Every structure is written in structure tokens, then in C-alpha cells.
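Worksheet: one structure, shown below.
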Amino acid sequence: MCSFSWYPASVQKIFNILDEEQALKIIWEVLDEHHTERLLDFNQIPFRRVFMGILKQYYNVFKTADSSGNLDVIKKSNEILLMFSNLFKQMNPSVYPGFSFSWLELVSSPFFMPFMLKSSSDFDNHERWFKLQELLTALFLFFKENIYDNCTSSPALEKLFEGTLKLCLVVLHDYPEFFSMYYFELINHLPLYKTGDLRNSILAAYPKALRLPDPTVEIVKFEFANGQAEQDRQALLQYYVDEPDYYSLKTELDKYLSSKSEDCLIKIC
Numbered sequence: 000m001c002s003f004s005w006y007p008a009s010v011q012k013i014f015n016i017l018d019e020e021q022a023l024k025i026i027w028e029v030l031d032e033h034h035t036e037r038l039l040d041f042n043q044i045p046f047r048r049v050f051m052g053i054l055k056q057y058y059n060v061f062k063t064a065d066s067s068g069n070l071d072v073i074k075k076s077n078e079i080l081l082m083f084s085n086l087f088k089q090m091n092p093s094v095y096p097g098f099s100f101s102w103l104e105l106v107s108s109p110f111f112m113p114f115m116l117k118s119s120s121d122f123d124n125h126e127r128w129f130k131l132q133e134l135l136t137a138l139f140l141f142f143k144e145n146i147y148d149n150c151t152s153s154p155a156l157e158k159l160f161e162g163t164l165k166l167c168l169v170v171l172h173d174y175p176e177f178f179s180m181y182y183f184e185l186i187n188h189l190p191l192y193k194t195g196d197l198r199n200s201i202l203a204a205y206p207k208a209l210r211l212p213d214p215t216v217e218i219v220k221f222e223f224a225n226g227q228a229e230q231d232r233q234a235l236l237q238y239y240v241d242e243p244d245y246y247s248l249k250t251e252l253d254k255y256l257s258s259k260s261e262d263c264l265i266k267i268c
């Protein structure tokens, strides 16, 4: 399976005996114990190295999956990516603030993020995008919990925010379609204060297939680009519109708009 020649024998033994998910869970439990007991003395570097090393082991699998045409390889690659994304979601900065910098480094790693964003002709990548959006949302919620107006942020928090801004600028340049699809959810979880640059970088995204018109020299027409925008819209809506609560809320809202009844308003609120 995986060989960790430059890691302790105990870690290598775990991965030889157990499957990937169980082994990652064991490492996560050790991290949780150390983070809980040591608090400010928690050392995140060893855990970052372990997780980064595991991602490196799968790099060739991720790299060849989309171009191989082998559905089994593509499926395996997708399963591993989703496994890591679920793990990183559970290890988000709000839960483990002492692991925040390593968490951001792992999520933005060239061994992980490019493959979460990269589209595949053989596999629908919207599930990967949705998982990545959940990770960024968790990070933004951490900022929302710790950034306040008229309060000085800690140097560590400012550095973490600076790293997040750089990450979003890279995504904006390479995969603007991602922000074009999930801008509403991401912006909704940003703090209201001191995040203007990050907010603007997300709102500035538009698909590469579209050319922004110059309103001074031509008549502006809004059209879909080869139907792709409509496909992306439908893919996005399935994560929000298919929820039962949406339909019940919509029904109550329609009732209130037609009757202006206070009873309907109470149900909505």
C-alpha cells in the first residue's frame, strides 16, 4: 500500500495493516488528544508532515486519473479526494485553532487543491467543488468568529487571513468558475468587517468562457456560454433546492405574500 520510509515505523505499520480511512482516523484521534491536552503548547508540525506525506503518496494517482480514461482509477482517485476533504472538514480551524496554519497549508497544497478543482471529462467534478466550498466556508466561519469591528486582530490571525487571501487570488486566476458558482455561499459566511479584499476577490470572478462586454462601444447582451452556465446553475441548485425545508419555506412565503397573514409570518420566522 503506502510506504513511509521517512516516517516512524509505527505510522508505516498502521498504513500497511489498515485501510486509508481507518489509518487517517487514528492519526486524527492522536492529533485531537494532543491538541486537547497541550493547548498552547500543541506542536502542529509533526501532524502536518504526516498528512502532507500521505497526500504526496497519492499524488501520482491523482495526476494520472483524469487523463488515464480508466474509470476504476478515476473512481479511486475521487474516493480518496473526498475522503481527505471530509477529514479536513472535521479538522477545521474552529475545532482545532492550534492546527490552523497547517490546515490551510494542507488544503491549499498542490497535492490536493488542484485536483479538487480540476474538471474531468469522465467524472462529474461538481461534488469535489462542493466539498472544497465546504472547506472554505469552514475557514470563513473561523474568521467570522474571531474578527470584530473596532477590535485589533492577533498577528497570527492576520497572517492566516493573508494566506487565505493569497489562496483565493490563485483560485480566482486559475479557476474563476469555482467562485462564479459558489460566491453566494462563500460571501454569506464572511465577517462583515476587515474582509473587503477577500470579498472583492470572490465577487470579481466570472467564467473564462465569457468575455465581459464594453458598454461604451457595444450593446450589452447577456447570454449563456454554450449552455455551460445553465448546466453549472442546475448543478449548484441541486445542493440547495432539493432540501425539503426549502419547499416548506417557499410554501409559507407564498402564503404570506398572498394573504399578509401574521400567522404565516410567525411560521417563517
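Taking numbering that gives the first Met the number 0, the leading residue of the sequence shown gets 0, the next gets one more, and so forth.
Even for Gly, the Cβ is constructed at its ideal location relative to N, Cα and C.
Since the structure is predicted, the reported quantities are computational estimates derived from the model, not experimental observations.
Cα-Cα separation, Leu-81 to Lys-130: Taking the straight line from one Cα to the other gives about 7 Å.
Near Ala-203, what residues of its chain come up, given a Cβ to Cβ distance below 7 Å and the 5 sequence neighbours on each side ignored? Leu-171
Less than 9 Å between the beta carbons of Ser-76 and Phe-87, yes or no? no
So for Met-115, helix, strand or coil by DSSP? helix
Quick check on the DSSP output: the alpha helix (DSSP H) that includes Ala-137 runs from which residue to which? 125-145
Once DSSP output is grouped into helix, strand and coil, what is the label at Ser-257? When DSSP states are grouped into helix, strand and coil, Ser-257 belongs to the helix group.
Hey, could you find the ends of the alpha helix (DSSP H) Tyr-181 is sitting in? It spans 175-187 - the alpha helix (DSSP H) in which Tyr-181 sits, taken as one unbroken run.
Environment of Thr-136 [buried if 16+ CB atoms lie within 10 Å]: So Thr-136 counts as buried.
Can you say whether Glu-28 is buried or exposed, counting buried as having 16 or more other CB atoms within 10 angstroms of its CB? exposed
Are there 16 or more other CB atoms within 10 angstroms of the CB of Phe-3, so buried, or fewer, so exposed? Its pLDDT being 41, under 50, Phe-3 is placed unreliably in this model, and the coordinates cannot settle the point.
Is the distance from the Cβ of Phe-100 to the Cβ of Leu-159 below 9 Å? yes
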